[in-house]
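Chains as they are written, first to last, in UniProt numbering: chain A, 1 to 284; chain B, 1 to 273. Let me begin by presenting the structure, written as structure tokens, before commenting on it.
Right, here's the structure in full:
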């Protein structure tokens, strides 16, 4: 409890205070920070760099997590059920490897793949000399993040699909329902809670991702400077700690909103959830 | 209908093939380059050699960083495990009003105060405590981040251990800590193993926290040192990087395979992770 309080709770509260000062990493303001009130917040909100970063983050989260990871993860879980077991485990293992290999390694693998002169992608596509990370930086990190994180959605949707009663699939098949109708009328109503959980969790995680820094470092010209990378630059590289604390707090509040929405919706869903849990425990 | 079914089968395999290529392509380099006598960034059939591993072994800088990774991961795992076991056992056995709310709040807190969002306050706190550039600081910060989830998951396991075992131990005069050690821990072992592996995997790959808190290369773990290999050196030493990457990835992959074989993937409680 104490450790949590010291290393999790205390920083959060301290941020509140620091966000109101002009503390800097070095120089005069490092010794005796002045109380500047809400200036850091108004500065942040009117800073074009901050707005740019927030916009980039929204684009990044929307395309890589909500669209990319969810849909690809679901498609994988759906298709995998009907593949031969050997092929299925190969596909799943490769997807999982992309998820569990450390971020530093993964980042370098992508730098190698997208390399301008000798990269594997250019060699395969015959597009020699295309600098993917300079010409399509945002698209690159979005594809990278889909590659990196799809495994979670796949795992979650696999277990969700396994929880759909087989008799309902059978009924749909007898009624002559096609794939689309089956998905809409049988699968969707059954896994609505899982879709919600998945969307909110990957939103939260993708919002807080730092790995793209290892690939593009926010460049070129800030075109991939998502929020985490932006805070790092402002606070720790440029040394404006007070402003960085204000930015941290803004980020924590956004996290809080997403998490609160999640817990709220989860709470509404609780009776059925509890039922499911107790059956699992009985089985165990 | 049979044409449609055939199209469905073809579509499935085309999709599976596409996914396989998409996910495997970046990974292939990790398998070819370490064994190539003259590796480039391109995937190619290696001119087989184990020379790169010898180079890596002789590089004190690289091996020390792997050692640092082990120290940080093991330290975090040990502290998390001990504290989470004690806390979850207590929370599972004692009736405090609002206990479940407390747990939910902790979990909520740990998922909103992430490493990225709390980067600045963490850095400042560690500066004030004089724990900058010390591995202890990294271990404590990481432990604080992992504990809520660890407690939450372990409490599920503690709840499912039968109380009658503890009661009979108490009849024979065992103290609470003795009961925990000789009765509860052996029963909750799968849970403890899961938490241990999970903690190690989380810490092993963590880049941000050690990147911010550690300054001297002697202290830095592999995740950070690897990054400096290819930004500071001008031309990156590809043989070294690829071999190092492979060696650095093997432990987590092995642990994942072990857990998966032994316990399968489990989703726990309300928040799934």
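Backbone N, C-alpha and C fix where the C-beta goes; we use that ideal spot for every residue, glycine too. These figures come from a predicted structure and were not determined experimentally.
First and last residue of the uninterrupted alpha helix (DSSP H) at residue i
| i | result |
| --- | --- |
| residue 62 of chain A | Where residue 62 of chain A is concerned, there is no enclosing alpha helix (DSSP H), given that its DSSP letter is neither H nor E. |
| residue 139 of chain A | 137–162 |
| residue 155 of chain B | 135–159 |
| residue 43 of chain A | 39–46 |
| residue 132 of chain B | Element bounds for residue 132 of chain B: n/a, residue is neither H nor E. |
| residue 166 of chain B | 163–171 |
| residue 96 of chain B | Segment: none, residue 96 of chain B is in no alpha helix (DSSP H) and carries neither H nor E. |
| residue 166 of chain A | 166–174 |
| residue 191 of chain B | 189–204 |
| residue 190 of chain A | 188–207 |
| residue 183 of chain B | It is not in any alpha helix (DSSP H) - residue 183 of chain B carries neither H nor E in the DSSP assignment. |
| residue 228 of chain A | 227–231 |
| residue 209 of chain B | 208–213 |
Which residues DSSP lists as bridging residue i, in chain order
| i | result |
| --- | --- |
| residue 36 of chain B | B/48 |
Beta-carbon gap between residue i and residue j smaller than 8 Å
| i | j | result |
| --- | --- | --- |
| residue 166 of chain A | residue 216 of chain A | no |
| residue 68 of chain B | residue 135 of chain B | yes |
| residue 247 of chain A | residue 234 of chain A | yes |
| residue 150 of chain A | residue 69 of chain A | yes |
| residue 59 of chain B | residue 239 of chain B | no |
| residue 97 of chain B | residue 110 of chain A | no |
| residue 42 of chain B | residue 119 of chain A | yes |
| residue 241 of chain B | residue 108 of chain A | yes |
| residue 91 of chain A | residue 203 of chain A | no |
| residue 40 of chain A | residue 242 of chain A | yes |
| residue 100 of chain A | residue 212 of chain A | no |
| residue 72 of chain B | residue 139 of chain B | yes |
| residue 202 of chain B | residue 65 of chain B | no |
| residue 277 of chain B | residue 210 of chain A | Residue 277 of chain B is absent from the model: chain B starts at 1 and stops at 273. |
| residue 84 of chain B | residue 187 of chain B | no |
| residue 108 of chain B | residue 263 of chain A | yes |
| residue 105 of chain A | residue 249 of chain B | yes |
| residue 180 of chain A | residue 57 of chain A | no |
| residue 111 of chain B | residue 259 of chain A | yes |
| residue 154 of chain B | residue 88 of chain B | yes |
| residue 105 of chain B | residue 151 of chain B | no |
Candidates the options, of which the one nearest residue i by Cα
| i | options | result |
| --- | --- | --- |
| residue 287 of chain B | A/227, A/263, A/39 | In the structure as shown, chain B starts at 1 and stops at 273, and residue 287 of chain B therefore has no counterpart that could be examined. |
| residue 78 of chain B | B/198, B/208, B/240, B/205 | B/198 |
| residue 76 of chain A | B/170, B/18, B/206 | B/18 |
| residue 115 of chain B | B/210, B/12, B/83 | B/210 |
| residue 55 of chain A | A/224, A/199, A/140 | A/224 |
| residue 52 of chain A | A/174, A/176, A/218 | A/218 |
| residue 36 of chain B | B/248, B/250, B/243 | B/243 |
| residue 94 of chain A | B/20, B/131, B/217 | B/20 |
| residue 255 of chain B | B/225, B/200, B/245, B/247 | B/200 |
| residue 194 of chain A | A/157, A/265, A/253, A/209 | A/157 |
| residue 216 of chain B | B/45, B/132, B/12, B/15 | B/132 |
| residue 23 of chain B | A/135, A/253, A/73 | A/73 |
| residue 5 of chain B | A/192, A/176, A/237 | A/176 |
| residue 11 of chain B | A/80, A/65, A/112, A/44 | A/80 |
| residue 43 of chain A | A/164, A/245, A/83 | A/245 |
| residue 166 of chain B | B/228, B/181, B/154 | B/181 |
| residue 252 of chain B | A/89, A/50, A/66, A/97 | A/97 |
| residue 257 of chain B | A/184, A/84, A/164, A/89 | A/89 |
| residue 114 of chain A | A/125, A/133, A/103, A/126 | A/133 |
| residue 245 of chain B | B/28, B/16, B/130, B/14 | B/28 |
| residue 251 of chain A | B/92, B/113, B/49 | B/113 |
Within chain C, the residues that residue i reaches when beta carbons sit closer than 8 Å
| i | result |
| --- | --- |
| residue 183 of chain A | In the structure shown, chain C cannot be found, because the protein chains are A and B. |
beta-carbon residue i near the ligand GTP non-hydrogen atom, thresh 7 Å
| i | result |
| --- | --- |
| residue 48 of chain A | In the structure shown, the ligand GTP is absent, as is every other ligand, since no ligand is present at all. |
Item to complete: Taking a Cβ distance cut-off of 9 Å, strictly less, list which residues of the region 198–214 of chain B are near chain A, in chain order.
Response: Here the close residues are 201, 204, 205, 206, 207, 208, 211, 212.
Fill in: Against chain B: residues of the region 102–116 of chain A by CB proximity under 7 Å
Listed in chain order, the positions of the region 102–116 of chain A with a beta carbon within less than 7 Å of a beta carbon of chain B are 102, 103, 104, 105, 108, 109, 110, 112, 113, 115.
Worksheet entry | the region 191–215 of chain A: positions lying closer than 8 Å to chain B by Cβ | Within the region 191–215 of chain A, the residues whose Cβ lies closer than 8 Å to some Cβ of chain B are 197, 201, 204, 208, 209, 210, 211, 214, listed in chain order.
Worksheet entry | Interfacial residues, the region 233–244 of chain A to chain B, with Cβ spacing under 8 Å | Taking a C-beta cut-off of 8 Å against chain B, the contacting residues of the region 233–244 of chain A are 235, 236, 241, 244, listed in chain order.
Fill in: Interface residues of the region 151–173 of chain B facing chain A [CB-CB below 8 Å]
Answer in chain order: 160.
Practice prompt. Could you name the residues of the region 236–250 of chain B whose beta carbon sits closer than 9 Å to any beta carbon of chain A, in the order they occur along the chain?
Written response: 236, 238, 241, 242, 244, 245, 246, 248, 249: these are the residues of the region 236–250 of chain B whose beta carbon lies less than 9 Å from some beta carbon of chain A, given in chain order.
Worksheet entry | Chain-ordered residues of the region 102–122 of chain B with a beta carbon less than 8 Å from chain A | Taking 8 Å as the cut-off between beta carbons, the residues of the region 102–122 of chain B near chain A are 104, 106, 108, 109, 110, 111, 112, 113, 114, 115, 116, 117, 118, 119, 120, 121, 122, in sequence order.
Worksheet item: Listed from N- to C-terminal order along the chain, which residues in the region 25–46 of chain B have their beta-carbon within a distance smaller than 7 Å of any beta-carbon of chain A?
Response: So the close ones are 25, 26, 27, 29, 30, 40, 41, 42, 43.
Worksheet item: When Cβ atoms are compared, which residues of the region 139–169 of chain A fall closer than 7 Å to chain B?
Response: Those would be 147, 155, 156, 159, in chain order.
Fill in: Members of the region 118–131 of chain A that neighbour chain B once the beta carbon cut-off is set at 7 Å
Contacts with chain B (Cβ-Cβ distance below 7 Å) from the region 118–131 of chain A involve 118, 119, 120, 123, listed in chain order.
Worksheet item: Taking any Cβ of chain B, which residues in the region 84–99 of chain A have a Cβ under 8 Å from it, in chain order?
Response: Within the region 84–99 of chain A, the residues whose Cβ lies closer than 8 Å to some Cβ of chain B are 87, 90, 91, 94, 95, 96, 97, 98, listed in chain order.
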